[in-house]
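Per the working numbering, the very first residue in the sequence shown carries number 136; after that it's consecutive. Idealized CB from N, CA, C, for every residue including glycine.
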Amino acid sequence: MDLRNGIGLRPLGSSAAEFEQDLLSNLYYRRGTTVESASMQDAYETLALTVRDRLAERRARTTAAHYAANPRWVYYLSAEYLLGRQLEQNLLYSGTGTIATAALKALGVSYDEVEALDIEPGLGNGGLGRLAACLVDGLATLDIPAVGYGIRYDFGIFKQDFADGAQVEKPDDWTFQGNPWEFPAPDDREPVFFYGHVEKGEDGRRKWVPGEVVLGEPSHMLVPGYGTDTVNIVRLWKARGSESSFDLSRFSAGQYAEAVQEAVRAENISKVLYPDDSTELGRELRLKQQYFLVSCSLRDILRRFRLWGAPLTDLSDKAVIQLNDTHPSLAIPELMRLLVDEEGLDWDTAWAITQRTFAYTCHTLLPEALETWPVGMFERLLPRHLEIVYDINEWLLGQVRSRFPGDIERVRRMSLIQETPERRVRMANLAVVGTTAVNGVAQLHSDLLVSTTFADFATLWPGKFRNVTNGVSPRRFVRLANPKLSDLISSALGDTGWIKDLDRLAELEQFAGDAGFLERWREIKRANKVRLGLGDPDSLTDVMVKRFHEYKRQQLKLLHVISEYFKIKDNPAGAYVPRTVLFAGKAAPAYHAAKSIIHLINAVAAVIDADPEVSPHLKVVFPPNYNVTLAELIIPAADLSEQISLAGKEASGTGNMKLALNGAITIGTLDGANIEIRDRVGADNFFLFGLDTPAAVALRSSGYRPRDYYEADPELKRALDAIAAGVFGGVGQEVAASLLNHDEYLTLADFRAYADCQDQVERAWRDADAWTRSSVLNTARSGFFSADRTVSDYVSGIWQVSPVTVG
Numbered sequence: 136m137d138l139r140n141g142i143g144l145r146p147l148g149s150s151a152a153e154f155e156q157d158l159l160s161n162l163y164y165r166r167g168t169t170v171e172s173a174s175m176q177d178a179y180e181t182l183a184l185t186v187r188d189r190l191a192e193r194r195a196r197t198t199a200a201h202y203a204a205n206p207r208w209v210y211y212l213s214a215e216y217l218l219g220r221q222l223e224q225n226l227l228y229s230g231t232g233t234i235a236t237a238a239l240k241a242l243g244v245s246y247d248e249v250e251a252l253d254i255e256p257g258l259g260n261g262g263l264g265r266l267a268a269c270l271v272d273g274l275a276t277l278d279i280p281a282v283g284y285g286i287r288y289d290f291g292i293f294k295q296d297f298a299d300g301a302q303v304e305k306p307d308d309w310t311f312q313g314n315p316w317e318f319p320a321p322d323d324r325e326p327v328f329f330y331g332h333v334e335k336g337e338d339g340r341r342k343w344v345p346g347e348v349v350l351g352e353p354s355h356m357l358v359p360g361y362g363t364d365t366v367n368i369v370r371l372w373k374a375r376g377s378e379s380s381f382d383l384s385r386f387s388a389g390q391y392a393e394a395v396q397e398a399v400r401a402e403n404i405s406k407v408l409y410p411d412d413s414t415e416l417g418r419e420l421r422l423k424q425q426y427f428l429v430s431c432s433l434r435d436i437l438r439r440f441r442l443w444g445a446p447l448t449d450l451s452d453k454a455v456i457q458l459n460d461t462h463p464s465l466a467i468p469e470l471m472r473l474l475v476d477e478e479g480l481d482w483d484t485a486w487a488i489t490q491r492t493f494a495y496t497c498h499t500l501l502p503e504a505l506e507t508w509p510v511g512m513f514e515r516l517l518p519r520h521l522e523i524v525y526d527i528n529e530w531l532l533g534q535v536r537s538r539f540p541g542d543i544e545r546v547r548r549m550s551l552i553q554e555t556p557e558r559r560v561r562m563a564n565l566a567v568v569g570t571t572a573v574n575g576v577a578q579l580h581s582d583l584l585v586s587t588t589f590a591d592f593a594t595l596w597p598g599k600f601r602n603v604t605n606g607v608s609p610r611r612f613v614r615l616a617n618p619k620l621s622d623l624i625s626s627a628l629g630d631t632g633w634i635k636d637l638d639r640l641a642e643l644e645q646f647a648g649d650a651g652f653l654e655r656w657r658e659i660k661r662a663n664k665v666r667l668g669l670g671d672p673d674s675l676t677d678v679m680v681k682r683f684h685e686y687k688r689q690q691l692k693l694l695h696v697i698s699e700y701f702k703i704k705d706n707p708a709g710a711y712v713p714r715t716v717l718f719a720g721k722a723a724p725a726y727h728a729a730k731s732i733i734h735l736i737n738a739v740a741a742v743i744d745a746d747p748e749v750s751p752h753l754k755v756v757f758p759p760n761y762n763v764t765l766a767e768l769i770i771p772a773a774d775l776s777e778q779i780s781l782a783g784k785e786a787s788g789t790g791n792m793k794l795a796l797n798g799a800i801t802i803g804t805l806d807g808a809n810i811e812i813r814d815r816v817g818a819d820n821f822f823l824f825g826l827d828t829p830a831a832v833a834l835r836s837s838g839y840r841p842r843d844y845y846e847a848d849p850e851l852k853r854a855l856d857a858i859a860a861g862v863f864g865g866v867g868q869e870v871a872a873s874l875l876n877h878d879e880y881l882t883l884a885d886f887r888a889y890a891d892c893q894d895q896v897e898r899a900w901r902d903a904d905a906w907t908r909s910s911v912l913n914t915a916r917s918g919f920f921s922a923d924r925t926v927s928d929y930v931s932g933i934w935q936v937s938p939v940t941v942g
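Encoded structure:
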């Protein structure tokens, strides 16, 4: 069967009538029901299958083209993928939106009702997962042969709710009704080993004798490119117990829980994203989860490589494996184990292959995010891998001692093993040593990696470090999330080519002085606020949406809200700019400080909402369970984008890019990609405040005293005193105490500059035409922040791969 020309495949029709016939066929033969008895869930899954069939046909042709070309592949290893809902995207990418809607209408089915049943896959949490989703989208759009590898979590991160304003975590059972977008492949299961001990075999080689075997069962979801026939995949692994994990004798004896305990322990590995690591068992489960991902994925990568019959010494010529942060860095010792222990290569050859095959993206500057694992736990769970880590470390330290003789302190800093206060394996150091390239995700972040975090490694291997600034998918975050704006842009530019060539947004600059265009722009922004339905659509919609962490400084935004509350209370008759402040985001279940900030935000919101003097001018809203679906409603409605992290702490950010791309104006510090956004949109179209990175470092090192700022600023003092006194529902005292006594992220030091900058925001907002012009220019000058450009930078600067066109 020659799939390259589609021979042997039933052609799928492109008319509404043919699509309707396929719908009926799938309803009868794959759902096993009829039009008369079908539920709305039947209608949704039938539509999904019918669209999926069209993508699967393209996938078959993509596979044939890839195997004919025998290219170098990109394998992207990521602990999370925040994909967003699939139906509308796949209708767009398959070009079937119009005919699908017509076919459903002919059958008496409402598309809107069907679309509402599409569930967002619970495979990610925040910016890391969304970046991964944007990059696999860009890879397919640019025709790059690629596979994304991840874990098929049963419950994702968690579903956020509020009880009396406090965050409550609930399971996110996203597959309760099944997932019509995935293809299970239980026949491709891979064994994953844990525990046990290491022996020396008869051939003199080290041999791992595992104490536990878990099976990794794959499924995959299709990743179509936009404006191309390429369809790549994300391959996801679900943990299963082995055949011996069910104890029939115990079950027969009535010991039902004991009979399945091994299977339950195995399946816990893929239950939730990032298990709570506040306990020893939770930390071990996280480590098991990370090894499970890389063990399954590397075995699958080697399986795919063997299909061409090439020797393993050619692996790096045919594969580049990108590690998305430190979570998959166990892939380095795992590949060494596979090559040396199972494939019989010598250590030097295997190490050369490994270093050439891997590349590493670091997403943080925070020390606590650069993972380390206790040596004891590592040895118990992965005894052979610890031996390999020691061998790699011996090689590394030999390199360091040769280059810097007598520099014991440098040896200590660069070692893969932290010796005090307890012995731990440094995973970020391992990721740097075992890869061919290391990149940061914004220019400032990459510079700081070289000058601070990995300075010793950059001195040893200066050519290894690169920058690849993050990007976002314009298909997801403009074309799908903001269809009215998308239509206006296409009308102004004369076609839809900008969706795949975002640099063309620069052509919008010619309309920044056009009164009619500006009025239409404002109308669309207002319509998006009405669609969101969370505040006065004529108010300044002030948005801070992101994961909750103290360094992101949601507490700074809240202090300003409280100070504004008191201003209005003092003079209710004053002329104020109506403002709707929207927070959204989740805090990790064990991150009590971040959860306290969430609780306080909701408490302040309740007080403001109940106050008839303040509520006409100021409103605070906090919709729960922030995800891609909610982001697609919030981001197009935003006027002001809050990017106020302490300078030097945010790696890049992608929410800042999505908001700027949709015409929100940023108020922010010189942190992460804010710098590049400001450089491109222009200083006049960006509200800058606060300490820069050198100033923040200097203030901290000089003995920062947050109480000095508290005493010197009456507005700040009043806000903190009110929190401490329990004015806002009696919650938040711990937030105030932390800020006054510690304030690790210099919130109080930046408060006055931030409040003054917010006054500038309000003055700018009063000039509607000038504000709208800045909004247009933010969009027009944000073309650089496309995920397609990010992928192109990886392709040319790190991966060295070529596109394969699907005929």
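Considering just the uninterrupted stretch of the alpha helix (DSSP H) at residue 896, what are its terminal residues? Taking the first residue of the sequence shown as position 1, residue 896 is located at position 761. Note, residue 896: alpha helix (DSSP H), 882 to 900.
Please classify residue 706 as buried or exposed, where buried requires at least 16 neighbouring CB atoms within 10 angstroms. For the purposes of this step, residue 706 is taken as residue 571 along the sequence shown, with counting starting at 1. Taking a 10 Å sphere around the C-beta of residue 706, we find fewer than 16 other C-beta atoms and assign the residue as exposed.
With 16 other Cβ atoms within 10 Å as the buried cut-off, status of residue 355: The residue labelled residue 355 in the question sits at position 220 within the sequence shown. The residue is buried, with at least 16 neighbouring Cβ atoms inside 10 Å.
Less than 8 Å between C-beta atoms, sequence neighbours within five positions excluded: which residues of the same chain meet that for residue 530? On the sequence shown, position 395 is the one that residue 530 refers to. Contacts found: 486.
Closer than 7 Å by C-beta to residue 155: which residues in its own chain qualify, once you throw out the five before and the five after it? Chain order, please. Numbered from its first residue, the sequence shown carries residue 155 at position 20. Taking C-beta separations shorter than 7 Å and ignoring five residues to either side along the sequence, the partners of residue 155 in its chain run 238, 241 and 242, following chain order.
Residue ranges of each alpha helix (DSSP H) run of no fewer than 4 residues wholly in the region 391 to 475, ordered along the chain? As far as the region 391 to 475 is concerned, its whole alpha helix (DSSP H) runs of at least 4 residues are 391 to 394, 396 to 402, 415 to 441, 450 to 453 and 466 to 472.
Tell me, which residues are paired with residue 375 by DSSP? Looking up residue 375 in the sequence shown gives position 240. In DSSP, residue 375 forms a bridge with 350.
For residue 250, I'd like the list of residues in its chain whose CB is within less than 7 Å of its CB, leaving aside the five on either flank, ordered along the chain. Walking along the sequence shown from the start, residue 250 turns up at place 115. 222 and 223.
Go ahead and pull the three-state DSSP assignment for residue 801. The residue given as residue 801 occupies position 666 in the sequence shown. In the displayed model, residue 801 falls within a strand according to three-state DSSP.
What are the boundary residues of the beta strand (DSSP E) that residue 680 is part of? Taking the first residue of the sequence shown as position 1, residue 680 is located at position 545. According to the DSSP assignment, residue 680 belongs to the beta strand (DSSP E) that extends over 675 to 680.
What is the DSSP secondary structure of residue 714, reduced to helix, strand or coil? Taking the sequence shown and counting its residues from 1, one reaches residue 714 at position 579. Residue 714: strand per DSSP, three-state reduction.
Ignoring anything shorter than 4 residues, give me the alpha helix (DSSP H) runs that lie fully in the region 617 to 652, in order along the chain. Counting whole runs of 4 or more residues, the region 617 to 652 contains the alpha helix (DSSP H) stretches 618 to 628.
Beta-carbon separation of residue 489 and residue 598 under 9 Å? By one-based count along the sequence shown, residue 489 stands at place 354. By one-based count along the sequence shown, residue 598 stands at place 463. Between residue 489 and residue 598, the gap from beta carbon to beta carbon reaches 9 Å or more.
Could you name the residues of the same chain whose beta carbon sits closer than 8 Å to that of residue 459, not counting the 5 residues immediately before and after it, in chain order? Position 324 of the sequence shown holds residue 459. Excluding residues within five positions, the ones whose Cβ falls inside 8 Å are 211, 212, 213, 214, 263, 266, 267, 496 and 498.
Would you tell me roughly how many angstroms separate the C-alpha atoms of residue 902 and residue 759, rounded to the nearest one? Locating residue 902 in the sequence shown gives position 767, counting from the first residue. Locating residue 759 in the sequence shown gives position 624, counting from the first residue. Straight-line measurement puts the Cα of residue 759 at about 33 Å from the Cα of residue 902.
Between which two residues does the beta strand (DSSP E) carrying residue 496 extend? By one-based count along the sequence shown, residue 496 stands at place 361. Secondary structure note for residue 496: its beta strand (DSSP E) is the uninterrupted segment 493 to 496.
If the criterion is Cβ atoms closer than 9 Å, does the pair residue 196 and residue 680 meet it? Taking the first residue of the sequence shown as position 1, residue 196 is located at position 61. Taking the first residue of the sequence shown as position 1, residue 680 is located at position 545. No, these two residues do not count as a Cβ contact at 9 Å.
Tell me, which residues are paired with residue 212 by DSSP? Position 77 of the sequence shown, counted from the first residue, corresponds to residue 212. 284 and 458, per the DSSP bridge assignment.
Would you identify the three-state DSSP class for residue 552, choosing helix, strand or coil? Here residue 552 refers to the residue found at position 417 when the sequence shown is read from its first residue. Residue 552: strand per DSSP, three-state reduction.
Could you check how far apart the C-beta atoms of residue 911 and residue 646 are, in whole angstroms? I think they sit under 8 Å. By 1-based counting over the sequence shown, the position of residue 911 is 776. By 1-based counting over the sequence shown, the position of residue 646 is 511. Contact flag correct, Cβ pair sits at about 7 Å.
Continuous alpha helix (DSSP H) assignments of at least 4 residues falling wholly in the region 240 to 318: Here the runs fully enclosed are 246 to 250 and 262 to 276.
Residue range of the beta strand (DSSP E) that residue 601 falls in? Sequence index remark: in the sequence shown, residue 601 carries index 466 (1-based). Residue range 600 to 602 is occupied by the beta strand (DSSP E) that includes residue 601.
Exposed unless 16 or more other CB atoms sit within 10 angstroms - verdict on residue 893: Locating residue 893 in the sequence shown gives position 758, where the first residue counts as 1. Buried, since its Cβ has 16 or more Cβ neighbours within 10 Å.
Name the DSSP beta bridge partners of residue 507, please? In the sequence shown, residue 507 corresponds to position 372, counting from 1. Bridge partners of residue 507: 561.
With 16 other CB atoms within 10 Å as the buried threshold, where does residue 856 fall? The sequence position of residue 856 within the sequence shown is 721, counting from 1. Residue 856 is exposed by the Cβ-count criterion.
In angstroms, rounded to a whole number, what distance separates the CA positions of residue 312 and residue 907? Here residue 312 corresponds to residue number 177 of the sequence shown, with the count starting at 1. Here residue 907 corresponds to residue number 772 of the sequence shown, with the count starting at 1. In a straight line, the C-alpha of residue 312 is about 44 Å away from that of residue 907.
State buried or exposed for residue 576, treating a residue as buried only when at least 16 other CB atoms are found within 10 Å of its CB. Here residue 576 is taken as the residue at index 441 of the sequence shown, counted from 1. Residue burial is scored here from C-beta neighbours: residue 576 has at least 16 other C-beta atoms within 10 angstroms and is therefore classed as buried.
Would you kindly work out how many angstroms separate the C-alpha atoms of residue 727 and residue 536, rounded to a whole number? Along the sequence shown, read from residue 1 onward, the residue named residue 727 stands at position 592. Along the sequence shown, read from residue 1 onward, the residue named residue 536 stands at position 401. The C-alpha of residue 536 is placed about 43 Å away from the C-alpha of residue 727.
Do you know whose CA, among 586, 584, 216 and 848, lies nearest residue 256's CA? The residue labelled residue 256 in the question sits at position 121 within the sequence shown. Cα-wise, what sits closest to residue 256 is 216.
When the Cα atoms are used, what is the spatial distance from residue 811 to residue 611? Residue mapping note: residue 811 aligns to position 676 of the sequence shown, counting from 1. Residue mapping note: residue 611 aligns to position 476 of the sequence shown, counting from 1. Approximately 22 Å, taken between the alpha carbons.
Where the alpha helix (DSSP H) through residue 1019 begins and ends: Only positions 136 to 942 of the chain appear in this structure, which leaves residue 1019 out of reach.
Under 6 Å Cβ to Cβ from residue 539, same chain only, skipping five residues before and after it: list those, please. Taking the first residue of the sequence shown as position 1, residue 539 is located at position 404. Here the set comprises 545.
For residue 478 and residue 517, which I take to be in contact (beta-carbon distance under 8 Å), what is that distance rounded to the nearest angstrom? Here the question's residue 478 lines up with position 343 in the sequence shown. Here the question's residue 517 lines up with position 382 in the sequence shown. About 19 Å; that fails the 8 Å criterion.
CB-CB under 8 Å to residue 253, same chain, minus the five flanking residues each way: which ones, in chain order? Along the sequence shown, read from residue 1 onward, the residue named residue 253 stands at position 118. For residue 253, the CB contacts under 8 Å within the same chain, skipping 5 residues up- and downstream, are 179, 183, 220, 221, 222 and 223 in chain order.
Start and end residues, alpha helix (DSSP H) containing residue 153: Counting from one through the sequence shown, the residue named residue 153 turns up at place 18. It spans 151 to 164 - the alpha helix (DSSP H) in which residue 153 sits, taken as one unbroken run.
Tell whether a beta-carbon distance below 9 Å holds between residue 797 and residue 617. By 1-based counting over the sequence shown, the position of residue 797 is 662. By 1-based counting over the sequence shown, the position of residue 617 is 482. Yes. Within cutoff.
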